[in-house]
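Novice:
Protein chains: 2
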Amino acid sequence: MVGTGPGDAADLSPRALQALQEARVIVGYKTYIQLLAPLLTPEKEVISTGMTGEVDRCRQAIDRARAGNSVALVSSGDPGVYGMAGLALELLEQEGLLETLAVEIIPGITSATAAAARLGAPLMHDFVVISLSDLLTPWDLIEKRLALAAAGDFVIVLYNPASHKRTGQLARAREIMLQHKRPDTPAGIVRNAYRAEESVTVTNLEHLLECPVDMLSIVIIGNRETRRAGRFLVTPRGYRL
Amino acid sequence: MVGTGPGDAADLSPRALQALQEARVIVGYKTYIQLLAPLLTPEKEVISTGMTGEVDRCRQAIDRARAGNSVALVSSGDPGVYGMAGLALELLEQEGLLETLAVEIIPGITSATAAAARLGAPLMHDFVVISLSDLLTPWDLIEKRLALAAAGDFVIVLYNPASHKRTGQLARAREIMLQHKRPDTPAGIVRNAYRAEESVTVTNLEHLLECPVDMLSIVIIGNRETRRAGRFLVTPRGYRL
Numbered sequence: 001m002v003g004t005g006p007g008d009a010a011d012l013s014p015r016a017l018q019a020l021q022e023a024r025v026i027v028g029y030k031t032y033i034q035l036l037a038p039l040l041t042p043e044k045e046v047i048s049t050g051m052t053g054e055v056d057r058c059r060q061a062i063d064r065a066r067a068g069n070s071v072a073l074v075s076s077g078d079p080g081v082y083g084m085a086g087l088a089l090e091l092l093e094q095e096g097l098l099e100t101l102a103v104e105i106i107p108g109i110t111s112a113t114a115a116a117a118r119l120g121a122p123l124m125h126d127f128v129v130i131s132l133s134d135l136l137t138p139w140d141l142i143e144k145r146l147a148l149a150a151a152g153d154f155v156i157v158l159y160n161p162a163s164h165k166r167t168g169q170l171a172r173a174r175e176i177m178l179q180h181k182r183p184d185t186p187a188g189i190v191r192n193a194y195r196a197e198e199s200v201t202v203t204n205l206e207h208l209l210e211c212p213v214d215m216l217s218i219v220i221i222g223n224r225e226t227r228r229a230g231r232f233l234v235t236p237r238g239y240r241l
Numbered sequence: 001m002v003g004t005g006p007g008d009a010a011d012l013s014p015r016a017l018q019a020l021q022e023a024r025v026i027v028g029y030k031t032y033i034q035l036l037a038p039l040l041t042p043e044k045e046v047i048s049t050g051m052t053g054e055v056d057r058c059r060q061a062i063d064r065a066r067a068g069n070s071v072a073l074v075s076s077g078d079p080g081v082y083g084m085a086g087l088a089l090e091l092l093e094q095e096g097l098l099e100t101l102a103v104e105i106i107p108g109i110t111s112a113t114a115a116a117a118r119l120g121a122p123l124m125h126d127f128v129v130i131s132l133s134d135l136l137t138p139w140d141l142i143e144k145r146l147a148l149a150a151a152g153d154f155v156i157v158l159y160n161p162a163s164h165k166r167t168g169q170l171a172r173a174r175e176i177m178l179q180h181k182r183p184d185t186p187a188g189i190v191r192n193a194y195r196a197e198e199s200v201t202v203t204n205l206e207h208l209l210e211c212p213v214d215m216l217s218i219v220i221i222g223n224r225e226t227r228r229a230g231r232f233l234v235t236p237r238g239y240r241l
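If you read the sequences in order, they're chains A and B. Take the first sequence: its position 159, counting from 1, is numbered 159 in the UniProt record's numbering, and each next residue is one higher. Take the second sequence: its position 174, counting from 1, is numbered 174 in the UniProt record's numbering, and each next residue is one higher.
1) Taking one C-beta from the region 136-149 of chain B and one from the region 152-160 of chain A each time, how about it: are there three or more such pairs within less than 8 Å?
2) Under 7 Å Cβ-Cβ, which residues of chain B neighbour A:Ile-109?
3) Would B:Pro-183 pass as an interface residue toward chain A - the criterion being a Cβ-Cβ separation below 8 Å?
4) Can the beta-carbon of B:Ala-61 be found less than 8 Å from the beta-carbon of B:Ala-19?
5) Residues of chain A with CB under 7 Å from B:Pro-236, in chain order?
6) Between A:Ile-130 and chain B, is the shortest Cβ-Cβ distance under 8 Å, so that the two count as touching?
7) Given a cut-off of 8 Å on the beta-carbon distance, is the pair residue 250 of chain B and A:Ser-13 in contact?
8) Residues of the region 47-59 of chain A in Cβ contact with chain B at a cutoff of 7 Å, in chain order, please.
9) Does the beta carbon of B:Ala-151 sit closer than 8 Å to a beta carbon anywhere in chain A?
10) With a cut-off of 8 Å, does the C-beta of A:Thr-113 fall near any C-beta of chain B?
11) At the 8 Å Cβ level, is B:Gly-230 part of the contact set with chain A, yes or no?
12) Should B:Gly-120 be flagged as near chain A, meaning a C-beta pair shorter than 8 Å?
13) Between the region 216-234 of chain B and the region 121-133 of chain B, are three or more C-beta pairs nearer than 8 Å?
14) Using the C-alpha atoms, what's the distance from A:Val-128 back to A:Gly-83?
15) Let me make sure I understand the geometry here. Which of B:Gln-179, B:Glu-225, B:Gly-188 has the alpha-carbon closest to that of B:Pro-212?
16) Using beta carbons (cut-off 8 Å, strictly below), is B:Gln-179 in contact with chain A?
17) Would you kindly check if the distance between the Cβ of A:Val-190 and the Cβ of A:Ala-102 is under 8 Å?
18) Do the CB positions of A:Gly-77 and A:Gly-108 come within less than 8 Å of each other?
19) Which same chain residues end up closer than 6 Å to A:Glu-90 when comparing Cβ atoms and leaving out the 5 residues on each side of it in sequence?
20) I want to verify the contact list: residues of chain B whose CB lies under 7 Å from the CB of A:Gly-80, in sequence order.
21) Taking Cβ positions, are B:Val-27 and B:Leu-98 nearer each other than 8 Å?
22) Here's the rule: buried if 16 or more other CB atoms are within 10 angstroms of the residue's CB, otherwise exposed. What is B:Gly-3?
23) Between the Cα of B:Gly-80 and the Cα atoms of A:Ser-48, A:His-125, A:Glu-175, which residue gives the shortest distance?
24) What residues of chain A sit near B:Thr-137, judged by a beta carbon separation below 9 Å?
25) Along chain B, which residues have their Cβ under 9 Å away from the Cβ of A:Glu-93?
26) Under three-state DSSP, which class holds A:Ser-76?
27) By the three-class DSSP mapping on this structure, what secondary structure does A:Glu-45 have?
Structure representation (structure tokens):
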């Protein structure tokens, strides 16, 4: 299970690169497989599936591994953060293969910190990571977590803030955060961090909905001390300067 | 500001490597500078300082940059997660250099996901990152955040769980988490992830204090669905299998 980071080869760790080079079979979501095109030499078997094909993709990877192939199951970012690592471990256990196959999880630069780097340093203090996708998680639980995170003055990182079908969640999340965070709390939106179509927007909680977001966006909302410094966002850690 | 990941060259991104190769001056905390020894060619100036010298280290980096040098200010893991990026941006602003110097934050594999990869896939669902160091943060606020995170059934990642001088914080954190999480909630401790002296321990909240922790350890406590799968920890995301 290989984390490929944001997508550019400059952000792919040598450990991940080696795993991709050594694998006979590479399995992953279409969009991310395309970012790896230079590595996909003709002798490799490539299995790519669409966005909601996670279980199918994992089962195909396991089938190829059971047949004796070295398989790289690819996640963009880090495979352990809303990626494929957990599902793969669960299916390997179900198939009784967890102890017989050599399994390794190779970390990658996760979207939260890639996006943060483009915004400056918004994650310098305690933060939460929450996905706004309610495909697999009851929306009530997501709302509860948003409220608690805002009450604790955490910096909040939102994964999956919207999709084609889901457009109201970010508005509701903003309402909940506004019960604890000031409207002028700085916020940032990074779409396609470190990819060709990258866009970086610095805004605040009040104006958050004026900026377009989608599945390729990460939204970060500061804590009460987060502020702008030039073009950057900074959350002070508390050093005396 | 360069994130070098866990420490092994295999986890250093090509973007970070290039920055280190191009820099005339490399500034960082002693222990992490030692991990970079193979890159420290004789023509480079190396400035390393002790653990609590963050402000001094940053000022030295800025002085060298102001004098016209390309400077790499090194953080292990990701520079934006309890690293040097925020402090550096604050000091650059204070010195009026934020718009005149070319500033770049280069992300790295952060300790939370490096440790998680060694444990399996504990971060597959919403999680919080909290530092137990009260050097810069009032302990009351840390306790409040722990309680809210536990009440929200977040997976909890603890940075700086203990140091030579601080030994009681993890015990208190465990008490707080036990008000919301079951004693058999799986937990993991990873010390020196991906370094020579790595150790990985899988335990649970009840037995958490029986395992030694220090500044080089990351502690991860699961949510109510986290479970063991073979030697791994897995937090299911909710797929039907």
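Backbone N, C-alpha and C define an ideal beta-carbon position, used for all residues, glycine too.
Specialist: On the basis of the data shown:
1) yes
2) Ser-13, Pro-107, Gly-108, Ile-109
3) no
4) no
5) Gly-86, Glu-90
6) yes
7) Here chain B comprises residues numbered 1 to 241, so residue 250 of chain B is not present and cannot be evaluated.
8) Glu-54, Val-55
9) yes
10) yes
11) yes
12) yes
13) yes
14) 17 Å
15) B:Gly-188
16) no
17) no
18) yes
19) none
20) Thr-113, Ala-116, Ala-117, Ala-121, Leu-123, Met-124
21) no
22) buried
23) A:His-125
24) His-125, Asp-126, Arg-237, Gly-238
25) Ala-229, Gly-230, Phe-232, Val-234
26) coil
27) strand
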